[in-house]
Every structure is written in structure tokens, then in C-alpha cells.
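A quick write-up on the structure given underneath.
There are 2 protein chains.
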Amino acid sequence: MKQERSRTVRVFAPATVSNVVCGYDIFGFALSEPGDEVQAWLVDEAGVFIEAVHGDGGRLPLEAEWNTAGVAVSRMLEKAGASQGIALEIHKKMPLGSGMGSSAASAAAAAFAANILLDSPFQTRELLPFCLEAERTACGAGHVDNAAPSLLGGFILVRSYDPLDVVSLPVPPGLFCTVIHPRMEVNTGQARRMLPSSIPLVKAVRQWGNVSGFTAGLIQGDFDLIRRSMEDVIVEPVRSSLLPHYHETRRAAMEAGALGCGISGSGPSMFALSSSLETALETALAMKKSSLELGLPCEEYVSALSQPGARVVGGET
Amino acid sequence: MKQERSRTVRVFAPATVSNVVCGYDIFGFALSEPGDEVQAWLVDEAGVFIEAVHGDGGRLPLEAEWNTAGVAVSRMLEKAGASQGIALEIHKKMPLGSGMGSSAASAAAAAFAANILLDSPFQTRELLPFCLEAERTACGAGHVDNAAPSLLGGFILVRSYDPLDVVSLPVPPGLFCTVIHPRMEVNTGQARRMLPSSIPLVKAVRQWGNVSGFTAGLIQGDFDLIRRSMEDVIVEPVRSSLLPHYHETRRAAMEAGALGCGISGSGPSMFALSSSLETALETALAMKKSSLELGLPCEEYVSALSQPGARVVGGET
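If you're matching them up, the sequences are chains A and B in order.
Residue numbers 74 to 390, in the working numbering, belong to the letters of the first sequence in order.
Residue numbers 74 to 390, in the working numbering, belong to the letters of the second sequence in order.
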């Protein structure tokens with residue numbers, strides 16, 4: 074059923090890096106690019122209608138309840154008690170299964186757009202529970218460390234999931250991120266299942282020492298403390314086995330002068346932080362070279378760390 | 074052997090609160106009182122000589138290698154390659170086994186005093202490894218979350234033990250601490266052994282969310298974030314079983330308006346943080362009343378969070 078377009082809005086939501094080395098499931102930040110765009114318009118019939126998905130190679134479902142954008146908007150309409158429906162056209166402008174929060178970006182963009190069409194019954198932050206539900210659909214586990222920065226921008230701490238408590242952390246102006254996306258896919262569900270359900274207390278203590286150090290380094294602009302704290306003794310040692318390029322890419326980034334380097338989300342993308350744009354660009358070159366030497370074509374992105382989240386880029390509202 | 078006193082120095086090192094709810098083994102901060110005093114002087118004979126310990130009811134060993142102050146100075150003399158020796162007279166001005174870092178305060182005071190007598194071959198921060206060795210003697214586990222704030226003052230993050238990386242975190246001016254010490258003892262070794270060697274990953278994630286939130290709250294002076302982050306899902310649920318007063322004292326502190334409340338070190342002392350001196354004093358009253366109602370006589374202390382560490386209080390240097 075092709076829904077007639079009345080009032081429409083087009084929203085961009087950025088790709089994101091989650092986990093951020095020591096902050097498994099609690100840290101995430103927005104990139105300047107890539108990202109997804111969602112066009113949305115009101116329809117008379119109640120419900121969510123995904124009219125088209127572009128750029129996914131036909132892989133994403135059009136059924137609203139199986140599509141992250143559809144789930145997010147569906148939950149929002151229920152909560153708002155809306156009598157009208159929403160139609161969506163999704164423009165995937167980033168690779169699926171890349172570890173850059175592809176499903177979260179679509180959900181964030183769709184929820185943000187739908188909220189505008191409903192005359193903003195929710196604060197942007199209040200859209201997070203809808204995105205959380207959407208992520209549960211996409212990868213079996215409810216997490217918002219991608220959706221929160223995609224929606225709100227900047228660097229996000231998910232302090233707690235119960236109750237949901239999302240905190241924006243300030244970032245120093247000189248901090249830049251390099252992301253490299255080698256053209257291969259990692260199954261997020263598998264990457265999650267391979268983690269142990271229990272970890273040694275001594276490793277947990279080491280991890281939360283780094284989590285505190287990273288947080289302090291970020292807020293105080295202490296690049297050396299950020300560098301020392303970018304160590305993960307729990308998740309990356311396990312997940313890196315899924316990434317044939319992990320060690321080479323990391324070495325290349327560190328030799329180029331990055332503060333630290335790790336897996337973006339559950340991979341295969343990897344990211345590095347640098348204390349200047351120059352170093353971030355040098356790091357991109359080094360990571361790309363390393364990836365190509367391993368026979369993995371890739372895209373690379375460089376971005377300042379402080380980026381806006383979901384925003385209107387077109388439409389007539 | 075009574076060592077003749079030539080040049081002497083008298084040093085105070087404060088009691089400390091370690092763990093700080095969510096920061097097991099990584100957080101600690103200095104109190105204004107109580108604390109230990111150590112008088113030290115140079116002697117011709119190489120080695121460390123503990124001439125007397127006051128205020129311990131005869132419980133602390135005079136053998137240098139079994140006394141935390143002795144061990145700290147001993148390791149320092151070895152590292153400095155000193156030909157002379159150091160004699161110590163230790164004035165315990167705080168209860169043993171209280172959870173306020175009694176052994177660490179003695180070690181910090183002794184190391185600080187001895188360093189002065191040797192004409193400061195070490196920076197204050199460089200004395201930490203000697204205190205770490207001393208703590209290993211006292212409770213079987215090497216940790217510096219008490220010794221570091223006792224030596225350096227303020228709020229300390231022990232980001233890493235290997236390599237030892239101790240970071241001073243800024244604290245907001247309005248933050249105050251209440252400590253209550255009920256007159257009973259907890260064996261630190263036992264309190265440590267009862268902890269599980271492995272913990273569920275989901276709990277670890279919850280803990281490091283709080284650790285990051287607490288760190289951010291502290292640096293940014295966000296009292297509400299501090300309040301939300303003062304939750305421990307790993308250590309306190311286990312250790313509180315050793316403290317018959319835990320739940321009552323905690324409830325009393327929270328009802329008095331404290332931001333959060335938990336075990337100081339491994340107990341039996343408990344501490345609370347408050348966003349004003351008035352609330353900290355109210356909290357002290359409430360915690361004391363609760364303790365007395367349980368038949369536990371106690372001392373209470375109120376202190377701003379930003380306190381100096383070890384310092385000279387007398388002697389002729």
C-alpha cells in the first residue's frame with residue numbers, strides 16, 4: 074500500500090562508535106559521517122508502514138515489527154496514543170553489520186522524524202526507550218550505546234539500563250576519531266554470545282580503573298590519561314579473534330601516533346582516537362594501508378569527537 | 074636497643090575511606106581526622122627500628138618486617154641505598170581494623186617522615202610502591218587505595234596496579250563526608266576472601282557504568298549524578314553480611330539526606346557523602362543514633378572531601 078505523502082520530514086542520524094575500548098555497553102559517541110536518512114510522513118491509517126528501504130541491497134525487512142526503524146516508531150505511536158499512522162522511507166547510507174551502529178541510526182532517525190510529525194510529544198531524550206526496543210529486535214539484546222549518541226550526539230555514558238540513565242560527557246576540543254570499515258561483516262549476535270557470562274573480579278577491577286581514568290581524561294582533556302586508560306582486558310581479547318585484521322590495524326594506528334585503538338561496536342570496523350586532526354588523518358592512512366595489505370578493501374572516516382545527533386535535513390513540516 | 078635521637082621529624086597522615094561504594098580497589102579519599110602520627114629520626118645503624126607503638130593496646134608488632142610502617146621505611150631505605158638507619162615511634166590515633174585505613178596511615182606517615190630525614194630522595198608520589206609493599210604485609214593483598222590518599226590527600230583513582238598509576242581527581246567544594254566507626258572489628262583478610270573470584274559480566278557492566286558516572290559527577294560537581302552512581306552491585310551485597318548494622322545505618326544516612334552511603338574500606342566503619350556541611354552533620358547524628366539503637370557505641374567524623382595528605386606536624390629537621 075503506497076501511502077500518500079502529506080506533511081513530510083527527512084532526518085539524518087549519524088553512525089556511532091560504541092564500547093570505546095574499556096567501556097563495553099556503556100560508552101558511545103557520534104561520528105560526523107556516515108549515517109542514515111529517514112523520510113517520514115503522516116498517514117490516516119494507524120500503524121507504521123515502511124514504504125521502501127534504499128541502499129541495503131534488499132536485506133532489511135519491510136515489516137515494521139522486524140525493522141528497527143519500524144519498531145522504534147511503533148512503540149512511540151503506542152506510547153503517544155496516536156490515532157494516525159506514520160510511513161517511512163529509509164535511506165541506508167552506511168554499511169549493515171559494520172559495527173558503526175547501522176540499526177541504531179535508522180531507529181534514531183525514524184523516531185526523531187516521527188516525533189516531529191506528531192508535534193513533538195516527547196523530548197529527544199525520551200525517544201531512547203523506543204530505540205532500546207528497536208535494538209532488542211535487531212540484535213537480541215537491548216542496548217542504547219549506539220542509539221543514544223546517534224540521537225543526542227556527542228559522547229554518551231549509559232550509566233544504567235534499569236532505570237535507563239543516559240549522561241552526556243563533555244569532550245575536549247582537540248580529540249579526533251578515525252574509523253576504518255573493512256568490507257566484511259560480523260554478526261552482532263554471535264559477537265555477543267561469544268563473551269563469557271562471568272569474568273574474574275581482578276579483571277573487572279582493572280576494567281573499572283580504566284573506565285574511571287577514561288572518563289576523567291575525557292572531561293579534563295587529559296590526553297595522556299585517555300591514552301593510558303584505553304585498555305580492554307575483557308571484551309576485546311575475546312572478540313578480536315573474529316577480526317583477522319585486528320592486531321595489524323591496531324599496531325598501524327598506534328605507530329601512527331593514535332592515543333588508542335579498538336573495535337567499533339562488535340566490529341569489523343575499528344576506531345582510533347587522536348589528539349589532533351593531523352594525527353587522526355595520518356592514522357586513517359596507516360589503518361587503510363594495513364587493511365589493504367591484508368587484502369581487505371575499506372572505507373575510512375575522520376571526525377571530531379563532538380558531533381550533533383539526529384537532525385532534520387529536509388522535508389516540509 | 075634505644076636509638077639516640079638526633080634530628081627528628083613528626084608526621085601526621087590521615088585516615089581514609091577506600092572503595093567508595095562502586096569503586097572497589099580503585100577509589101579512596103583522605104579525611105581531616107582521625108589519623109596516625111609517626112616520629113622518626115636517623116640512627117647510625119642500618120635498618121629500621123620501631124622504638125615504640127602507642128595507642129594500639131600492645132597489638133602491633135615492633136619487628137620492622139611485620140609492621141606496616143617498618144616495611145614501608147625498610148623498602149625505601151633499600152631503594153635509596155641508605156647507609157644509615159631510621160628509628161620510628163608510632164602514635165596510633167585511630168582504631169585498628171576500623172576500615173579507615175589504619176595500617177596505610179602508619180605506613181604513609183613513616184615513609185613520608187623517613188624521606189624527609191634522607192633529604193627527600195623521592196617525590197611524595199614515589200613513596201607509593203613502599204606503601205604498597207607495607208599493605209601486602211598488613212592484609213595479604215597489595216593495594217594502595219588507602220595509602221595513596223593518606224599520602225597525597227584528596228580523592229584518588231588507582232587506575233592501574235601494573236604499572237602503578239595513581240590519579241588525583243578534583244572534587245567539588247560542597248562535598249562532605251560523614252564517617253561512623255562502630256566499636257567492633259572486621260578482619261580485612263576475611264572480608265577480602267569472602268568475595269567471589271568471578272562475577273557476572275552483566276553486574277560488572279552495571280558497576281563500570283556507576284564508576285564512570287561517579288567519576289563524572291565528582292569532576293563536574295554534579296551531585297545528582299554522584300547520588301545516582303553510588304550503587305555497588307558486587308562487593309557490598311557480600312560484605313554487608315559481616316556488618317550487623319549495615320542496613321540500618323545506611324537507611325538512617327539516606328533518610329537524613331545523604332547522597333549515598335556505604336562501607337568504608339572493608340568496614341565496620343561506614344561513610345556517607347553529602348552535598349553540604351549541614352547535611353553531613355545531620356547525617357552523622359542520624360547514623361550515630363541508629364548505631365546506638367543497635368547497641369553499638371561509635372565515633373563519628375565529618376570532613377570536607379578535599380583534604381591534605383601526609384604532612385609534618387613537629388620535630389626539628
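The C-beta atom is built at its ideal place from N, Cα and C for all residues, glycine as well.
| Query | Result |
| --- | --- |
| Residue(s) in a DSSP beta bridge with A:Gln-112 | A:Arg-83 and A:Glu-162 |
| In chain order, each alpha helix (DSSP H) run of at least 4 residues that lies wholly inside the stretch 116-162 of chain B | 141-153 |
| Beta-carbon gap between B:Val-111 and B:Ala-183 smaller than 8 Å | yes |
| Close-in-space but distant-in-sequence residues of the same chain around A:Ala-58 (CB under 6 Å, 5 per side omitted) | Absent from the model: residue 58 of chain A. The displayed extent of chain A is 74 to 390, so no value can be given. |
| Interface flag, A:Arg-266 vs chain B, CB-CB below 8 Å | no |
| Cβ neighbours of B:Ala-345 in the same chain (closer than 6 Å, five flanking residues each side left out) | Thr-251, Ala-326, Ala-331, Cys-334 and Thr-356 |
| Collapsed DSSP secondary structure at A:Pro-202 in the structure displayed | helix |
| Residues from the stretch 288-302 of chain B in contact with chain A, defined by Cβ distance under 7 Å | Thr-288, Ala-289, Ile-292, Gln-293, Leu-298, Arg-301 and Ser-302 |
| Reduced DSSP secondary structure (H/G/I, E/B, other) of B:Tyr-97 | coil |
| DSSP bridge partner residues for A:Pro-273 (one or two, in chain order) | B:Ser-271 |
| Selection from A:Val-308, A:Thr-288 and A:Glu-309 that minimises the alpha carbon distance to A:Arg-301 | A:Thr-288 |
| According to DSSP, residues forming a beta bridge with A:Asp-238 | A:Ser-233 |
| Contact check, B:Val-82 vs B:Ala-113, beta carbons under 8 Å | yes |
| Residues of the stretch 213-240 of chain B whose Cβ lies closer than 7 Å to any Cβ of chain A, in chain order | Leu-230, Val-231, Arg-232, Ser-233, Asp-238 and Val-240 |
| CA nearest to the CA of B:Val-295, picked from B:Trp-139, B:Ser-363, B:Ala-186 and B:Ser-348 | First, the amino acid is wrong: residue 295 of chain B is Asp here, not Val. Measuring from the Cα of B:Asp-295, the nearest candidate turns out to be B:Ser-348. |
| Proximal residues of chain B, C-beta to C-beta of A:Ile-272 below 9 Å | Ser-271, Ile-272, Pro-273, Leu-274 and Ala-277 |
| Nearest residue (CA-CA) to B:Ser-337, options B:Gly-368, B:Ile-159, B:Glu-366 and B:Pro-255 | B:Pro-255 |
| Simplified DSSP assignment, three categories, for B:Val-375 | strand |
| Partners in chain A for B:Gln-280, counting only beta-carbon separations shorter than 8 Å | Ala-277 and Trp-281 |
| Which listed residue (A:Thr-210, A:Arg-80, A:Leu-190 and A:Ile-229) has its alpha carbon closest to that of A:Gly-96 | A:Ile-229 |
| Interface flag, B:Tyr-97 vs chain A, CB-CB below 8 Å | yes |
| Residues that DSSP places opposite B:Gly-286 in a beta bridge | None; B:Gly-286 has no bridge partner. |
| Residues from the stretch 242-267 of chain B in contact with chain A, defined by Cβ distance under 9 Å | Leu-242 and Pro-243 |
| B:Ala-88, DSSP secondary structure in three states | strand |
| Within 8 Å, strictly: CB atoms of B:Ser-147 and B:Val-121 | yes |
| Beta-carbon neighbours of B:Gly-286, restricted to chain A and to distances below 7 Å | Leu-230, Arg-232 and Val-240 |
| Close-in-space but distant-in-sequence residues of the same chain around B:Ser-342 (CB under 7 Å, 5 per side omitted) | Ser-171, Gly-172, Met-173, Val-252, Ile-253 and His-254 |
| Collapsed DSSP secondary structure at A:Gly-262 in the structure displayed | helix |
| Beta-bridge partners of B:Ser-347, as assigned by DSSP | B:Phe-249 |
| Among A:Ala-187, A:Val-239, A:Leu-358 and A:Pro-168, the one whose alpha carbon lies nearest that of A:Leu-201 | A:Val-239 |
| B:Ile-123 to B:Ala-178 span [Cα, whole Å] | 16 Å |
| Touching by the beta-carbon criterion (3+ pairs, under 8 Å), the stretch 275-292 of chain B and the stretch 275-293 of chain A | yes |
| Alpha carbon of B:Leu-365 to alpha carbon of B:Val-94, nearest angstrom | 24 Å |
| Backbone secondary structure at B:Ala-221 - three-state DSSP | helix |
| Span of the alpha helix (DSSP H) around A:Ile-299 | 296-302 |
| For A:His-320, the three-state DSSP class (helix, strand or coil) | helix |
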